[in-house]
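First up is the structure itself, then whatever we jot down about it.
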Amino acid sequence: MADASDTPSTGRDYRETVFLPETPFPMRGGLPQKEPAIIEAWGDLYSTLRKQRQAEGAPLYVLHDGPPYANGDIHIGHALNKTLKDFVVRSRFLLGHDVDYVPGWDCHGLPIEWKIEERYRSQGKRKDEVSKAEFRQACREYAAGWIDVQRDQFKRLGVLGDWDHRYATMDFGTEAAIVGEFHKFKNSGQLYRGSKPVMWSPVERTALADAEIEYHDHVSPTIWVKFPVVAATDDHPDDLLAFRHATPSVVIWTTTPWTIPANRAISYGPEIAYGLYEVTAMEAGLEFEPWAKPGDRLIVADKLAEDVFKAAKIASWTRVDDLNPSGLECAHPLAELSPGYGFSVPLLAGDHVTDDAGTGFVHTAPGHGADDFEVWKAHGHHEVPDTVDPDGAYYDHVPLFAGLKVLETEGKKTGKFGPANPAVIEKLIEAGALLARGRMEHSYPHSWRSKAPIIFRNTPQWFIRMDAPLENDGTLRERALEAIDKTDFHPEAGRNRIRSMVEGRPDWLISRQRAWGTPLAMFVDKQTGQPLIDAEVDARITAAVAEGGADAWFTRPDADFLGAHDPARYEKIEDILDVWFDSGCTHAFTLEARDPAHGYAGDRPSHWPADLYLEGSDQHRGWFQSNLLEGCGTRGRAPYDAVLTHGFTQDENGEKMSKSKGNTTDPATIIKESGADILRLWVSLVDYAEDQRIGKQILQTTVDAYRKLRNTVRYLLGALVGFDEAERLPLDQMPPLERFVLHRLWELDRDVRKAYGEYRFQDVVRPVLEFCSNDLSALYFDIRKDSLYCDRPDAVRRRAARTVMHEVFMRLTAWLSPLTPFTMEEAWGTRYPDGGSNCARVIPETPGDWRNLDEAARWAKVQAVLEVVNESLEAARREKSIGGALDAWPIVTGPAAAFAPFEGLDAAEVFRTSGAEMIVGGDAVTVEVRLADHPKCARSWRRVPDVGSDPAYPELSARDADAVRWWDARRG
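Counting from 1 along the sequence shown, just add 18 to a position and that's the residue number in our numbering.
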């Protein structure tokens with residue numbers, strides 16, 4: 019083998035003649051330092067883009083923001099949500115739309131009240147020692163402070179939006195709009211006041227909606243209680259209540275002993291088999307005296323009898339007879355201790371009763387359970403006892419237990435069981451009515467704010483009817499279900515989820531007994547109990563709230579609103595609206611008010627309904643549903659055309675994040691250490707429809723992916739220095755490799771546009787990453803490196819390569835702009851410092867004639883051969899028979915079909931070797947790696963036969979000599 023030293027040496031250093039990529043775009047991102055400067059340079063980029071698109075007559079796209087709560091720094095869930103929304107906003111701008119996106123905040127409700135109450139407690143004040151106006155003002159200031167903090171944090175993520183016109187549910191105009199929406203329900207007859215059991219938080223002293231509930235494991239006392247049978251209809255056995263037998267008892271089982279004073283009935287299942295059992299013996303050797311004894315007669319479901327007797331320590335028993343519970347009446351188990359329990363307890367048939375657990379009977383307290391209430395009402399009973407007050411304590415009129423608390427509501431024991439349960443159990447023992455007791459860990463509803471258990475409590479509340487006929491046909495439930503059918507869901511599974519919730523939900527509970535919120539601003543006739551319907555009164559109310567906020571309702575005299583109506587005749591309602599009603603109205607004052615169809619003529623147009631709502635999957639029962647019901651109840655349809663949901667973010671092990679576990683990931687930390695583009699790239703890479711994972715290792719993988727993207731763009735920037743349109747090569751002069759890359763651009767452009775249109779951001783970034791790794795770095799850049807560095811600048815092959823690289827750059831920086839906007843902005847500004855913002859671009863149109871299925875098929879086959887050659891070259895390198903690929907001259911043998919795609923190609927160029935020989939033969943591709951037995955070019959390091967063929971440049975190949983001569987001529 020000839021070495022470069024074998025050729026005459028001029029001693030010239032040819033490195034200066036090699037056209038190496040040059041760019042100021044650094045390999046290291048330095049994003050934490052660069053991103054704030056880019057944000058500052060953008061200024062009000064969102065408004066700029068809107069003006070530009072409106073001037074172009076672009077179609078309008080509306081994304082409506084589900085409001086985060088104005089309380090605390092943003093967490094990783096916020097970052098995921100707002101980043102996904104920003105993907106939508108930026109991608110729609112990229113696709114040529116005008117985009118309306120107004121960020122908003124939810125400001126009312128318990129979390130902020132809790133914070134202000136804590137502040138007053140730290141000052142030694144109780145909430146009731148502070149005026150309602152002062153308390154509400156403190157809440158307002160607290161929320162405003164956090165809006166400012168969160169807005170800056172969202173901006174730092176790179177989120178575009180109409181920040182200068184953000185909405186907040188506590189703004190005066192907004193509160194007035196919410197009151198106006200409430201009046202629509204009032205005036206249409208959909209509103210009513212009802213008394214029924216609702217989920218109640220004694221700790222927070224308010225009713226809660228389903229969306230405010232979360233379930234946690236909870237240990238409850240369990241009791242089996244005997245209700246003695248005192249009467250039976252004639253169709254029961256004659257001796258059932260005979261004096262010679264012990265009085266039989268119906269046995270119930272419950273995990274809420276505190277509800278026994280509220281018991282008014284026992285429910286049974288009509289399809290369940292029941293039996294009358296007599297105890298014959300108790301377990302021996304017990305350390306306590308059991309509450310059952312031989313001779314006791316007990317009525318339970320046959321399927322559960324053994325379990326009941328085991329709990330009661332009953333060793334043996336006899337089944338006396340079948341028993342039909344219908345027609346039985348029992349005494350209350352506490353009747354012997356107080357005449358206040360001297361009423362009869364009927365047996366009621368109920369479909370909710372099963373024999374899966376317990377005794378087959380359900381203790382029925384109509385004031386403390388939805389099923390209990392419904393079965394009580396269904397059997398013609400109307401009086402529902404009130405036994406527990408707003409603090410979760412028994413009212414003074416409750417016999418034996420007045421004042422005792424179900425749950426502790428203050429101090430270190432807040433949320434723990436109070437004295438009610440043990441007191442009831444002790445009285446049951448005293449009355450001889452307890453059969454057994456135990457403890458059970460089970461999933462139990464808690465307030466998601468206070469984390470304390472809730473109770474079901476009968477209380478007067480305001481509801482919106484789900485099943486009352488509406489003026490323009492249908493019920494609210496029917497309208498909502500029809501709207502669900504007409505809505506697009508991403509993913510599709512969301513449709514069934516929200517549909518099942520709407521199908522089974524009760525009437526919409528909208529009232530809360532708190533201070534910080536929008537009031538149910540209405541008057542109720544004290545004589546009829548009906549809301550006052552008077553358009554002039556409503557107008558005075560909304561005008562006052564628009565001027566002075568919700569405080570006006572609480573502070574101004576009734577006469578200011580009532581006009582000619584007598585204030586003495588009307589009750590002023592001071593409950594506040596459920597915060598879900600608040601946020602359920604956001605479409606009305608954020609979108610509809612700026613719809614040109616409703617008279618808007620400003621420069622911030624929107625339209626109603628929105629094109630998209632985007633939130634976490636928990637919002638099927640929250641914001642999606644409250645907007646659905648509000649829209650259907652007031653306008654006959656949903657305020658959105660499509661709904662997109664994302665899952666929740668877990669740690670790297672798939673566990674729920676918790677500060678107590680120390681497994682949280684703070685978005686601020688990621689941004690500080692790595693940059694917002696890293697966090698955004700992570701969001702783009704995950705399947706957001708499912709729960710995602712994040713942690714140090716996962717983020718490191720994201721950083722690695724980012725480096726690939728950055729280095730690809732950096733290579734392109736370096737390779738394209740000085741490129742202009744004069745250098746462009748037309749398609750018909752392109753070599754096959756360039757035609758293939760252009761085809762890949764055509765394919766990706768088609769797929770990226772479709773993926774963005776369908777909100778499949780993962781299907782944008784992953785194919786683009788694979789394109790950068792496989793098609794560009796591993797194939798195209800590697801093959802064209804020699805041409806790019808060593809061909810003379812006006813060579814057709816080099817011009818073709820730079821033309822294609824220009825098209826790649828133009829598309830990569832556009833495609834990735836919504837996902838990694840800071841990096842793409844930096845890249846664009848590096849190449850086009852006077853070219854405006856990269857974010858203002860639309861995806862360049864990709865010519866249809868770039869589509870080339872023949873080249874795609876050819877290069878798939880070429881790469882199959884290339885893979886075999888590369889494996890052989892790598893083996894030769896490991897064995898040190900060659901130093902690098904340019905030392906090799908492989909002999910490739912294989913079937914003709916495998917080599918046919920190489921027609922018109924330079925095999926050595928494809929293999930990145932100095933030469934190659936392809937021999938047809940055999941059934942499989944095989945490679946013999948031989949040394950290239952030619953002198954080494956001092957410039958390109960290729961070992962080719964024409965090194966030294968140009969006497970002026972004896973160390974160079976003919977190609978390199980020509981390039982250097984060109985270079986020398988231009989430098990005098």
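The beta-carbon is built from N, C-alpha and C at its ideal position, and this holds for glycine as well.
By the Cβ criterion, the stretch 300-313 is not in contact with the stretch 407-416, since fewer than three pairs of Cβ atoms, one from each stretch, lie closer than 8 Å. Per DSSP, the unbroken alpha helix (DSSP H) holding Arg71 starts and ends at 63-73.
Inter-segment contact for the stretch 562-582 and the stretch 512-523 is absent: fewer than three beta-carbon pairs are separated by less than 8 Å.
Ranked by how close their Cα comes to the Cα of Asp593, the residues Gln479, Glu147, Gly142 have Gln479 in first place. For Ala396, the enclosing alpha helix (DSSP H) stretches over residues 388-396.
For Asp235, there is no enclosing alpha helix (DSSP H); the enclosing beta strand (DSSP E) covers residues 231-249. A residue is called buried when at least 16 other Cβ atoms come within 10 angstroms of its Cβ; Glu401 does not meet this threshold and is exposed. Bounds of the alpha helix (DSSP H) holding Asn729 are 714-737. In the displayed model, Pro357 falls within a helix according to three-state DSSP. Nearest to Ala501 by alpha-carbon distance, out of Pro627, Phe920, Asp872, Arg988, is Pro627. As for any alpha helix (DSSP H) of minimum length 4 sitting wholly inside the stretch 759-791, the runs are 780-788, ordered along the chain. Cβ contact annotation for Thr432 (same chain, cutoff 7 Å, sequence separation greater than five): Val221, Glu426, Ala470, in chain order. Just so you know, the alpha carbons of Trp984 and Arg957 end up roughly 14 Å apart. Approximately 5 Å separates the beta-carbon atoms of Ser624 and Val80; this is inside 8 Å, confirming the contact.
Note that the stretch 791-809 does not touch the stretch 663-671; fewer than 3 beta-carbon pairs, one per stretch, sit closer than 8 Å.
Excluding sequence positions up to five before and after Lys590, its CB lies within less than 7 Å of the CB of Phe541, Asp576, all in the same chain and listed in chain order. Separation of the CB atoms of Ile92 and Trp123 is rounded to 12 Å, and the pair is thereby denied contact status at 8 Å. Comparing C-alpha distances from Phe474 to each of Ser140, Thr277, Leu717, Lys714 shows the shortest one belongs to Thr277. Ala162 carries a helical assignment under DSSP once its states are collapsed to helix, strand and coil. For the 7 Å CB-CB criterion, Leu647 and Ala845 do not form a contact. Residue environment analysis places Asp905 among the buried positions, since at least 16 neighbouring C-beta atoms fall within 10 angstroms of its C-beta.
Annotation for Asn476: the continuous beta strand (DSSP E) segment containing it runs 473-482.
Rounded to the nearest angstrom, the gap between the Cα atoms of Val117 and Phe642 is 21 Å.
Note that the C-beta distance between Ala249 and Glu347 is below 7 Å.
The DSSP-derived three-state label of Pro908 is strand. Beta-bridge analysis with DSSP links Ile594 to Arg530, Pro537. Rounded to whole angstroms, the separation of the alpha carbons of Pro121 and Asp705 is 24 Å.
Boundaries cannot be given for Asp629, as no beta strand (DSSP E) includes it and DSSP labels it neither H nor E.
The stretch 91-111 and the stretch 177-191 touch, with no fewer than 3 CB-CB distances between them shorter than 8 Å.
Contact between Ala151 and Thr573 holds: their C-beta atoms lie close to 6 Å from each other, under 8 Å. Residue state for Glu347 is assigned as strand, using DSSP reduced to three classes. Counting only residues of its own chain and dropping the five nearest sequence neighbours on each side, Leu734 has a CB closer than 7 Å to the CB of Met823, Val826, Phe827.
Within the model, the alpha-carbon separation for Trp877 versus Phe758 is close to 7 Å.
With respect to the 7 Å criterion, Asp320 and Gly345 are not classified as neighbours on the basis of their beta carbons. Comparing alpha-carbon positions, the option among Arg655, Pro549, Lys690, Asp709 lying closest to Ser206 turns out to be Pro549.
Between the stretch 346-361 and the stretch 233-249, the count of Cβ pairs shorter than 8 Å is three or higher; the stretches touch.
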